[in-house]
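Worksheet: the structure to be examined is printed underneath.
Put into structure tokens, the structure is as follows:
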């Protein structure tokens, strides 16, 4: 976690009407995003990011940034590595996802018992 101990949550549309994002099952492999969200991703680049699907408030996976490429249209393609499907619960403090992302307290692990 960063020095502010905030986690970054990415809200990703699925199904994606433009078909830009690449998935392998419930694992996000590649994200296409705008400059505003990219700024937040860069701040948390060396940390685990948590992916939330727009149809519900569940964390489907967590990822680490692998590679970033700027597209000719000014958007960014972000490739991920070390993709995990651990059971996490989105903290109640996260109320909205303005611009497709939110910062907040770290997620809570789901008890296995």
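Residue numbers (the working numbering): 106 to 218.
All C-beta atoms in this analysis are idealised placements derived from N, C-alpha and C, irrespective of residue type, glycine included.
Pick from the options: whose alpha carbon is nearest that of residue i?
i, options, result
"residue 127", "208, 185, 216, 192", "185"
"residue 144", "195, 180, 133, 155", "180"
"residue 162", "146, 121, 123, 199", "199"
"residue 147", "193, 125, 173", "173"
Can you tell me the Cβ-Cβ gap for residue i and residue j, rounded? I've got them flagged as a contact below 8 Å.
i, j, result
"residue 154", "residue 113", "5 Å"
"residue 196", "residue 210", "5 Å"
"residue 132", "residue 188", "5 Å"
"residue 118", "residue 159", "5 Å"
Using a Cβ-Cβ cut-off of 8 Å (strictly less than) and excluding sequence neighbours within five positions of residue i, which residues of its own chain qualify?
i, result
"residue 176", "137, 182"
"residue 178", "none"
"residue 110", "210, 211"
On the criterion of 16 or more Cβ atoms from any shown chain inside 10 Å, does residue i qualify as buried, or is it exposed?
i, result
"residue 203", "exposed"
"residue 207", "buried"
"residue 76", "Outside the displayed range of the chain (106 to 218) lies residue 76, so it cannot be described from this structure."
"residue 107", "Low local confidence applies: a pLDDT of 42 at residue 107 is under 50, so the model's placement there is unreliable, with the coordinate-based value given in what follows. Exposed, since its Cβ has fewer than 16 Cβ neighbours within 10 Å."
Below 6 Å CB to CB, which residues in the same chain sit around residue i once its five sequence neighbours on both sides are set aside?
i, result
"residue 157", "114, 116, 164"
"residue 205", "116, 142"
"residue 135", "127, 184"
Near residue i, what residues of its chain come up, given a Cβ to Cβ distance below 7 Å and the 5 sequence neighbours on each side ignored?
i, result
"residue 150", "170"
Curious, which full-length beta strand (DSSP E) runs of at least 3 residues does the stretch 142–195 contain? Listed in chain order, the complete beta strand (DSSP E) runs (minimum 3 residues) inside the stretch 142–195 are 154–158, 164–175, 181–189.
Would you list, in sequence order, the uninterrupted beta strand (DSSP E) runs of no fewer than 3 residues that lie entirely inside the stretch 113–143? Runs found: 127–129, 132–138.
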